[in-house]
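K.L.:
Quick note on the numbering used here: the sequence shown kicks off at 424 and runs consecutively.
Right, I'll just put the structure down here and ask away after.
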Amino acid sequence: MISQTVSSGVFTVVVPTNERKEMKFLMCVPDFFGVDYVINPWMEGQVGRVDHKIAMGQWVMLRRHIAKFAEVTLMSPRIGLPDMVFTANAGFVLGNLCLLSRFKYKERQGEEKCFEEWFRDRKYDTVFPTVPFEGAGDLLYDQYRVSIWSGKGFRSEVNDSLLWRLYGRAVYNLVLKDKRFYHLDTCFCPLSHGYVLYYPPAFDDSSVDLIRKRVGEESLIEVSEEDALNFSCNAVEIYSNIIMNEASADLRDKLKKSGFNLITTPLTEFMKAGGSAKCLTLRVDQ
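See below:
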């Protein structure tokens, strides 16, 4: 791999500069995206209010930012499935095994077959759970700790024993308590070099204690309510480049001091449906 080494002042960032890009993300073109129903607090009052032209432009810019550092694979959208653009909810991928999603709400259940076909056509091994589970929205792989963070409380109920049998990784359960942060990836983001970006009030007390114990205060980057509501934790990190909707001056400073390069790109139309950068992508090569 041809690469460029960039000094961040804290650690070294290696960025691919040729056509071979190691990290791979799945995205879905938002041809049929919109807020057509209400299944989370962000959708309330937003039915029919998405500006499709703006949404497409925002999605294209996100894709361009990601494509600077990684390979982007696209899947075809399906009419009548407006949330299919949020590919993070397709499943959880580790190695060649995908634990497919079983959506809690009927409005999204039509996506299940589409995602299953995509993975099977590409020779992934697939498992379909028997309980509600919404993919990489509620399961996040922490490569630094070689472990899985699991979000519970609103959308997913997959148990630890299944995850251990499938992936052989330690699982840390976090209980979500704020309906605005209904998926783990809206308020928690494992980063490179052991750092974790998170919004503490989204979790119950025992979960906050677990996070602090497993991560360590020195590696925790807390965000304010303002940043949390701008979906700053719903970020995509590629080689220490962090892509998100928006960040306050305080968060920008924290990320810079921790050695990260921040890229902000507006995703306000997708926030009307309850998602942002991370929700719009799924890493399929970790």
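For every residue, glycine included, the Cβ atom is placed at its ideal position computed from N, Cα and C.
Are the beta-carbon atoms of Met446 and Arg486 separated by less than 8 Å?
P.N.:
Judged by their CB atoms, Met446 and Arg486 are not nearer to each other than the 8 Å cut-off.
K.L.:
Taking 8 Å as the cut-off, decide whether the C-beta atoms of Asp608 and Lys701 are in contact.
P.N.:
yes
K.L.:
Drop a sphere of 10 angstroms on the beta-carbon of Pro464, count the other beta-carbons inside from all chains shown, and report buried for 16 or more, exposed for fewer.
P.N.:
exposed
K.L.:
Given this structure, state the Cα-to-Cα distance separating Ala696 from Arg706, to the nearest angstrom.
P.N.:
21 Å
K.L.:
CA-CA distance, Lys602 and Pro623?
P.N.:
14 Å
K.L.:
Whose C-alpha, out of Ile665, Val619, Thr704, Leu586, is nearest the C-alpha of Glu645?
P.N.:
Val619
K.L.:
Give me whichever residues DSSP pairs with Asp565 in a beta bridge.
P.N.:
Ser570
K.L.:
Quick one: residues in its chain with C-beta nearer than 6 Å to the C-beta of Asp506, no 5 flanking neighbours on either side, listed in chain order?
P.N.:
Counting only Cβ-Cβ distances below 6 Å, and skipping sequence neighbours, we find Arg531.
K.L.:
Relative to the alpha-carbon of Arg710, which residue among Tyr547, Pro613, Glu580, Asp632 has its alpha-carbon at the smallest distance?
P.N.:
Residue 710 is absent from the model: the chain starts at 424 and stops at 709.
K.L.:
Please list the terminal residues of the continuous alpha helix (DSSP H) segment that includes Ala651.
P.N.:
Start and end: 648-652.
K.L.:
Could you check the C-alpha separation between Gly518 and Asp632 for me, to the nearest Å?
P.N.:
30 Å
K.L.:
Identify whether Arg472 lies in helix, strand or coil by the three-state DSSP scheme.
P.N.:
If DSSP states are grouped into helix, strand and coil, Arg472 belongs with coil.
K.L.:
If the criterion is Cβ atoms closer than 8 Å, does the pair Ser570 and Leu597 meet it?
P.N.:
Taking 8 Å as the cut-off, the Cβ atoms of Ser570 and Leu597 do not count as close.
K.L.:
Using a Cβ-Cβ cut-off of 6 Å (strictly less than) and excluding sequence neighbours within five positions of Val433, which residues of its own chain qualify?
P.N.:
Because Val433 sits at a pLDDT of 40, beneath the cut-off of 50, its placement in the model cannot be relied upon, and the point is left open.
K.L.:
Please confirm whether Phe509 and Arg525 have their CB atoms less than 8 Å apart.
P.N.:
At a Cβ-Cβ threshold of 8 Å, Phe509 and Arg525 do not count as neighbours.
K.L.:
Using the Cβ count rule (16 or more neighbours within 10 Å means buried), how would you classify Leu690?
P.N.:
Counting the other CB atoms within 10 Å of its CB gives Leu690 a total of 16 or more, which places it among the buried residues.
K.L.:
Can the beta-carbon of Phe577 be found closer than 8 Å to that of Tyr605?
P.N.:
A distance below 8 Å separates the beta carbons of Phe577 and Tyr605.
K.L.:
Going by beta-carbon coordinates alone, are Phe515 and Leu522 separated by less than 8 Å?
P.N.:
Yes, Cβ-Cβ distance for Phe515 and Leu522 is below 8 Å.
K.L.:
Do you know offhand how far Leu678's Cα is from Ala478's?
P.N.:
Annotation: Leu678 to Ala478 spans about 27 Å, alpha carbon to alpha carbon.
K.L.:
What would DSSP say about Asn664, mapped onto helix, strand or coil?
P.N.:
strand
K.L.:
For a minimum of 3 consecutive residues, which ranges assigned as the beta strand (DSSP E) are wholly contained in the segment 467-550?
P.N.:
Entirely contained in the segment 467-550, the beta strand (DSSP E) runs reaching 3 residues are, in chain order, 494-498, 514-517, 520-523, 548-550.
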